[in-house]
Amino acid sequence: MFIVWTSACLFINLIVNFVFNHFIVNEKRPFASQESVDAKKEIVINNKLEDVQENYQIKNKSIETFNVKNSFQVKQPLDSLGLFLPFKENKIDTHNFFCNEGNVLVEVEKPPKKNKEHNESKDSIEYTNFDKRTIEGIYISGPNEELDKVENIKGITVENLCLPTFYKTFHDRLKGFLCRELNEKIIEDIKQTILNYYQDNFHPFVIVSLPEQKIQNNVIKIIVYESTACDISIKGNKYFSEKNIQNYISLKPNKSIDTQSIIQDLYWINRNPFRNASIVFSPGNKENTTDLEYFIDDRYPFRAYVGAENTGFEATEKERLIAGFNWGNAWGLDHIVTFQYTASTNINRFQAFTASYALPIFGKRILTLYGGYAQFKPKKTIEDLKNEGRSVQFSARYTFPIKPIKHYLHDLSIGFDYKRENINLTYRQRPFIGNSVNITQLVCDYNGRYELGNFNIPVEIIFVLSPGDIMEKQSNQRFSELRPHAKNSYFYSMQKVTPIFKLPKDYELVINYTSQFSSNNLLSSEQLGLGGYNTVRGYEYRIVNKDNGVIFNIEGYTCPMKLISNRKIKFKEALKFLAFIDYGCGWDSTEIETVKDFIYLMGAGGGLRYQTFPNLAFRIDWGFKLHEIKEFEPRNKLGRWHFGFNLNF
Numbered sequence: 099m100f101i102v103w104t105s106a107c108l109f110i111n112l113i114v115n116f117v118f119n120h121f122i123v124n125e126k127r128p129f130a131s132q133e134s135v136d137a138k139k140e141i142v143i144n145n146k147l148e149d150v151q152e153n154y155q156i157k158n159k160s161i162e163t164f165n166v167k168n169s170f171q172v173k174q175p176l177d178s179l180g181l182f183l184p185f186k187e188n189k190i191d192t193h194n195f196f197c198n199e200g201n202v203l204v205e206v207e208k209p210p211k212k213n214k215e216h217n218e219s220k221d222s223i224e225y226t227n228f229d230k231r232t233i234e235g236i237y238i239s240g241p242n243e244e245l246d247k248v249e250n251i252k253g254i255t256v257e258n259l260c261l262p263t264f265y266k267t268f269h270d271r272l273k274g275f276l277c278r279e280l281n282e283k284i285i286e287d288i289k290q291t292i293l294n295y296y297q298d299n300f301h302p303f304v305i306v307s308l309p310e311q312k313i314q315n316n317v318i319k320i321i322v323y324e325s326t327a328c329d330i331s332i333k334g335n336k337y338f339s340e341k342n343i344q345n346y347i348s349l350k351p352n353k354s355i356d357t358q359s360i361i362q363d364l365y366w367i368n369r370n371p372f373r374n375a376s377i378v379f380s381p382g383n384k385e386n387t388t389d390l391e392y393f394i395d396d397r398y399p400f401r402a403y404v405g406a407e408n409t410g411f412e413a414t415e416k417e418r419l420i421a422g423f424n425w426g427n428a429w430g431l432d433h434i435v436t437f438q439y440t441a442s443t444n445i446n447r448f449q450a451f452t453a454s455y456a457l458p459i460f461g462k463r464i465l466t467l468y469g470g471y472a473q474f475k476p477k478k479t480i481e482d483l484k485n486e487g488r489s490v491q492f493s494a495r496y497t498f499p500i501k502p503i504k505h506y507l508h509d510l511s512i513g514f515d516y517k518r519e520n521i522n523l524t525y526r527q528r529p530f531i532g533n534s535v536n537i538t539q540l541v542c543d544y545n546g547r548y549e550l551g552n553f554n555i556p557v558e559i560i561f562v563l564s565p566g567d568i569m570e571k572q573s574n575q576r577f578s579e580l581r582p583h584a585k586n587s588y589f590y591s592m593q594k595v596t597p598i599f600k601l602p603k604d605y606e607l608v609i610n611y612t613s614q615f616s617s618n619n620l621l622s623s624e625q626l627g628l629g630g631y632n633t634v635r636g637y638e639y640r641i642v643n644k645d646n647g648v649i650f651n652i653e654g655y656t657c658p659m660k661l662i663s664n665r666k667i668k669f670k671e672a673l674k675f676l677a678f679i680d681y682g683c684g685w686d687s688t689e690i691e692t693v694k695d696f697i698y699l700m701g702a703g704g705g706l707r708y709q710t711f712p713n714l715a716f717r718i719d720w721g722f723k724l725h726e727i728k729e730f731e732p733r734n735k736l737g738r739w740h741f742g743f744n745l746n747f
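Per the working numbering, the sequence shown starts with residue 99, numbered consecutively.
Quick look at the structure:
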C-alpha cells in the first residue's frame, strides 16, 4: 500500500508539471523598465540573478552578490509516537535545492545617459598650492553654502551631517590624517576613507566632495552628499495588498538609505512562502534623492500537499502518511494558517493533528499560536494496564527582529508551551504508558544568519525553563513515574549551528552541529533523540533518547543536475547527490540503573535530493552503522534507508 501511494504521487507530479509547462503560459514581467533606469549605477536586490542579468543585458558574471534566504515555515513539532517536541518554526533547508534561488544583492553598472546633471561631477575641483602645509583640522559637513565662514577649526569637526554610527567611530578613522603633510594624495585618501566608512556601514549612496576652496589655518573642508529616499513604491503584487507589504518596510521618505535595514525588510517580507520581494534603486526627481521600487513576485496563497516518510517507530509502524495545507494570506490580512494530518499506514496505531496561526502585529513582529493532538496505540508496552496514549500541546510565540550587525540578521522569539502526555520512551523505542502529566515551559528562541559571498551560517539557540508545580497533575511523583529521577522543575538549552560553504562549480559542503544540555532528567518529549534521518543515519529513528548530547553531520553535495527536463519538456528541477558522515553521543543528567549512561552512534553513506519547483520534493539516504549497539538493535549489514517526499498542489 505504501509503495502504491508513493508511485501514484510521483506520477501525478509528472502530469502536473507537463500540463503547467505546456498549456499554461505565464507573462514574464521585467523587474524594471529601461525608462525607469536613469543612473550611472543601480543596485538591485533580487531573487534571481540570471533574470537580472538578462534584463539589463549583462554578460559579466563576476558580480558581487549577497544572499538573503527565505524561510519556509512548516510545522512538524511532534515525533512519530505523538510526543510533542520543543516548539520551533522548522525551516526547509533551501541550500539543498536551487542554489541560486536566494535573494541576491547585485551591483549593476549602467552606461550614463547624455544628461548634463548626471555627467557633472561634484568632485571636479581645482586644488590650491599647498606649500608643504600640515593638516591641523578637517571640517566635514553636509551641503553647505557658507564654507568660507568656517574658521579656527582644530582636529575633526562634523556639522550638518547625520552619521550612521557614533562620532567616535568616524573620528577614529580620520584622526590618523592630522599633522600629516597636505598634498593631493592625502586628500584623496581622506575622501576614500570617508566613502569606505559609509559603505562599511551600509550607506552606499554617498558622494564625498572637496569643493574649490582657499585653505586657511591648514583646515580642509569636505562636503558629503548622501542621497535620501524619495518615492517608495510597490509593484507587481497580485494576491497581497500594498498596505500589508508596507508594514514590513521601515524606510520612510526623506530618510537616509540603510541597505542592511532594507535587506532585513526583504527577509521579513519573504518569510511568507507565497511571495518573493525584489528591490531596485534609481535616481529620484529631486537632487540627491533615490527612488525605491519593491517588485513582488507572488503566487496564489494556498497550497495543499501530501507526503510520506519512514520516520516512525516499530511500535506504531515506521511509515508515515502526511496531508495538509498552507493558507498564506488568510482573510486578506497577511495571516498564515497551516494544518497537517499525520498517520501511520494503520491509522489505529498512530494519528496526529497539528495546526498553527501566525499573524503579523506592529510591523515586523509576529504572534504565532500553535496546537496539536495525537493518539497512538503501540503494539507492545511494558505494562499491560494501559495501551493507548494521548498527547496534547498548545504553544504561543512572539517573534521580533533585532538590529542587524554587518552581514548578520537575527530575531528573537519568546513564549510558552503547555503539554499533556502519558507516554515515555525507554530504550529500544519501547513505550511506557502511565498516568498523564502536565508540562508548562517558558521558551526563548534566538535565530540568526550570517551571509557573506559563498559562505553563510544559520544559528539557533533555544532556552527552556520549567518553573515547577504550578497546576494539577504536575507533581514530581507523576514525573518520576514516567521516567526515573525526572522532576517538574528543570532547565535545558539547545544549540544549532550549520555552516554552509559554496564550492566551485556549484558544489556544496554543509556541516551541522547540534547539542543539548539539561539540568535534570527529562521526559521523552524534551530529550534529544539520536538515530534517524535528521540525526545519525543508519539507525532507527530516535533509537536513543538522552537528556544531554552532541550531534555532528558533515554532508557534501554535487552540483544541481537535470533528470527529466529537456528541449521539449521544460520545468524547474534539480537533482543533487550527497555523501555524509554522522556522529552523535548522549548521556543522562542522573544515571538510571539498568540503562547505559553514555552512548554514541556513528554512521556514513550517501543519498540524493530531487525537487521540481514548486510541486515535488524528494529525498532518500542510505546509511550504514560504523558503531554497533547490540542491546538496542540487531546488526544490519546492508544499512538502512531513510526517505521522504512532499507533493504540492
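Heads up, the beta-carbon is just placed ideally off N, CA and C, and yes, glycines get one too.
- The beta carbon of THR232 is closer than 8 angstroms to those of CYS277, ARG278, GLU279, LEU280 and ASN316 in its chain, skipping five residues each way along the sequence.
- For THR497, there is no enclosing alpha helix (DSSP H); the enclosing beta strand (DSSP E) has its first and last residue at 487 to 503.
- At a cut-off of 3 residues, the continuous stretches assigned as beta strand (DSSP E) that sit fully inside the segment 437 to 481 are 448 to 458 and 464 to 474.
- The secondary-structure analysis by DSSP pairs ALA421 across a beta bridge with VAL404 and TYR439.
- Following the DSSP letters along the chain, one finds ASN250 in no beta strand (DSSP E), marked with neither H nor E.
- Between ILE254 and LEU272 a beta carbon distance of about 5 angstroms is seen, short of the 8 angstroms cut, so the two are scored as contacting.
- Classified as exposed, CYS260 has fewer than 16 neighbouring CB atoms from the shown chains inside 10 Å of its CB.
- Residue pairing of ILE555 in beta bridges, as defined by DSSP: TYR548.
- By alpha-carbon distance to ASP298, the top candidate from GLU691, ASP356 and ILE512 is ASP356.
- When the five nearest sequence neighbours on each side are left out, the beta carbons in the same chain lying within less than 7 angstroms of the beta carbon of VAL322 are those of ILE238, GLY240, LEU259, ILE292, VAL304 and VAL306, in order along the chain.
- When the alpha-carbon of HIS505 is set against those of LEU550, ASN618 and SER511, the nearest one is in LEU550.
- Only exposed fits PRO351, as fewer than 16 other CB atoms lie within 10 angstroms of its CB.
- Closest in alpha carbon position to LEU607, among PRO582, ARG488 and GLU653, is GLU653.
- About 5 angstroms separates the Cβ atoms of VAL562 and GLN539, confirming a contact at the 8 angstroms cut-off.
- Under DSSP, ASN643 takes part in a beta bridge, and its partners are GLY627.
- One alpha carbon belongs to ASP567, the other to SER573, and they sit about 6 angstroms apart.
- Relative to the Cα of ASN713, the nearest Cα in the group SER442, ILE320 and VAL404 belongs to VAL404.
- A straight-line Cα-Cα distance of about 40 angstroms links ARG373 and TYR265.
- Counting only runs that start and end inside the segment 344 to 414, the alpha helix (DSSP H) elements of at least 4 residues fall at 357 to 367.
- Per DSSP, GLU244 lies in no beta strand (DSSP E) and is assigned neither H nor E.
- Look at LEU724 here: in three-state DSSP terms it is coil, with no helix or strand label.
- A contact between stretches requires three or more CB pairs, one per stretch, nearer than 8 angstroms, and the segment 699 to 709 meets this requirement with the segment 667 to 685.
- In the structure shown, SER325 falls within a coil segment according to DSSP collapsed to helix, strand and coil.
- Apart from sequence neighbours up to five positions away, the residues of its chain that approach ILE330 with a beta-carbon distance below 7 angstroms are ILE347, LEU349, PRO351 and LEU390, ordered along the chain.
- Taking each of CYS657, GLU624 and PRO658 in turn and checking the Cα distance to VAL642, the smallest one comes out for GLU624.
- A distance below 8 angstroms separates the beta carbons of ALA413 and PRO476.
- In the three-state reduction of the DSSP assignment, GLN314 falls in the coil class.
- For LYS668, no alpha helix (DSSP H) encloses it, and the DSSP letter there is neither H nor E.
- The C-beta distance from THR466 to ALA456 rounds to 4 angstroms, short enough to meet the 8 angstroms contact threshold.
- Cβ atoms of ARG635 and ASP686 stay farther apart than 8 angstroms, at about 24 angstroms.
- In this chain, the beta strand (DSSP E) harbouring HIS740 covers 738 to 746.
- Between the C-alpha atoms of PRO262 and PHE589 there is a straight-line separation of about 40 angstroms.
- A straight-line Cα-Cα distance of about 19 angstroms links ASP395 and THR710.
- Nearest to LYS723 by alpha-carbon distance, out of GLY647, THR633 and ARG463, is THR633.
- Excluding five sequence positions before and after PRO556, the CB atoms of its chain that fall closer than 6 angstroms to its own CB belong to ARG547 and THR596, given in chain order.
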